[in-house]
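K.L.:
Attaching a single structure in structure tokens format; questions to follow.
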Amino acid sequence: MTGKGKITVCIFSLALIFAGCQPSVRFTSNKKPLNNSTYSKPDKTKTKGVPPSYSPETIGAERYLIIEEAENWLGTPYCYGGYSKDCTDCSGFVLNIFQTAGIVLPRTAETQFEFGNDVSENDMEPGDLVFFRDKSRISHVGIYAGNNEFIHASISNGVVRQSLDDFYYREHYAGAKRVIQ
0 MTGKGKITVC
10 IFSLALIFAG
20 CQPSVRFTSN
30 KKPLNNSTYS
40 KPDKTKTKGV
50 PPSYSPETIG
60 AERYLIIEEA
70 ENWLGTPYCY
80 GGYSKDCTDC
90 SGFVLNIFQT
100 AGIVLPRTAE
110 TQFEFGNDVS
120 ENDMEPGDLV
130 FFRDKSRISH
140 VGIYAGNNEF
150 IHASISNGVV
160 RQSLDDFYYR
170 EHYAGAKRVI
180 Q
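Residue numbers (our numbering): 0 to 180.
Have a look at this one:
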């Protein structure tokens, strides 16, 4: 292999290592649930903006800032390894949103899962991180937005607000972490 070939392989390998989400995993589901759980497709017509019941007084200034910024990213296209408003993957999206509030997070979904404190599904608050597992590995992350919804960078739809009761997400839910105390 030539010097140029080795450099190309090295750069490609580093890109795969530093990217946050697996591209082979589908994060939206077109399957109907087998049980009575709720199924929802992403609603691309939802307007941007923090729901009116949220205010810095009701959920805290940091949480409000995070949800407001996440809503501003709705519609951003997905790209593996991306972390800007031009295109982003799941962990790049989360990393940028939290930087807005002055919170530094690790780059990948797996390492973000190791950050913060565990929180039960019943105690989640807007701004908590929600994680999903593909087989034995954490492969996806989003930001809990309240009302059993989360905002995330979906491979097939870009940054969307979606229900945690979507069949795929309910089946692959791995847990939630609290970064903002």
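The C-beta atom is built at its ideal place from N, Cα and C for all residues, glycine as well.
With the cut-off set at 8 Å, would you say Ala152 and Asp88 are in Cβ contact?
P.N.:
In this structure, Asp88 lies closer than 8 Å to Ala152 by Cβ.
K.L.:
Locate the beta strand (DSSP E) running through Glu67, then write down its first and last residues.
P.N.:
Looking at the DSSP string, Glu67 is not in any beta strand (DSSP E); the run it does join, the alpha helix (DSSP H), is 60-71.
K.L.:
Where Arg62 and Lys134 are concerned, what is the direct C-alpha to C-alpha distance, given to the nearest angstrom?
P.N.:
Whole-angstrom Cα-Cα distance: 31 Å.
K.L.:
Along the chain, where does the alpha helix (DSSP H) containing Lys166 start, and where does it finish?
P.N.:
The sequence shown places Phe at residue 166, rather than the Lys named in the question. Where Phe166 is concerned, the enclosing alpha helix (DSSP H) stretches over 166-171.
K.L.:
Could you tell me the boundaries of the alpha helix (DSSP H) in which Val93 lies?
P.N.:
Val93 -> alpha helix (DSSP H) spans 89-99.
K.L.:
According to DSSP, Ile150 sits in a beta bridge with which residue or residues?
P.N.:
Answer by DSSP bridge pairing, in chain order: Ile142, Arg160.
K.L.:
Excluding sequence positions up to five away, which residues of its chain have a Cβ less than 7 Å from the Cβ of Glu113?
P.N.:
No residues qualify anywhere along the chain.
K.L.:
In chain order, what residues of the same chain have a beta carbon less than 8 Å from the beta carbon of Glu148, not counting five sequence neighbours either side?
P.N.:
Once the five neighbours on either side are set aside, the close Cβ partners of Glu148 are Arg160, Gln161, Ser162, Leu163.
K.L.:
If you run the structure through DSSP and keep just helix, strand and coil, what is Phe131?
P.N.:
Three-state result, Phe131: strand.
K.L.:
Check whether the Cβ atoms of Ile58 and Pro105 sit closer than 8 Å, and answer yes or no.
P.N.:
For Ile58 and Pro105, no; Cβs fall outside 8 Å.
K.L.:
Taking C-alpha atoms, which residue in Gly81, Ala100, Ser83, Tyr79 lies nearest to Glu67?
P.N.:
That would be Ala100, whose Cα lies nearest to the Cα of Glu67.
K.L.:
What does the alpha-carbon distance come out to for the pair Thr44 and Leu73?
P.N.:
Bear in mind that the predicted position of Thr44 carries a pLDDT of just 38, short of 50, making it unreliable; the figure below should be weighed with that in mind. Rounded to whole angstroms, Thr44 to Leu73 spans 10 Å at the Cα level.
K.L.:
Bridge partners for Asp117 per DSSP, in chain order?
P.N.:
Asp117 is bridged to Lys176.
K.L.:
Starting from Thr110 and walking both ways along the alpha helix (DSSP H), at which residues does that stretch end?
P.N.:
Unbroken alpha helix (DSSP H) run through Thr110: 108-112.
K.L.:
To the nearest angstrom, how far is the alpha carbon of Ala173 from that of Arg132?
P.N.:
Rounded to the nearest angstrom, the two C-alpha atoms are 6 Å apart.
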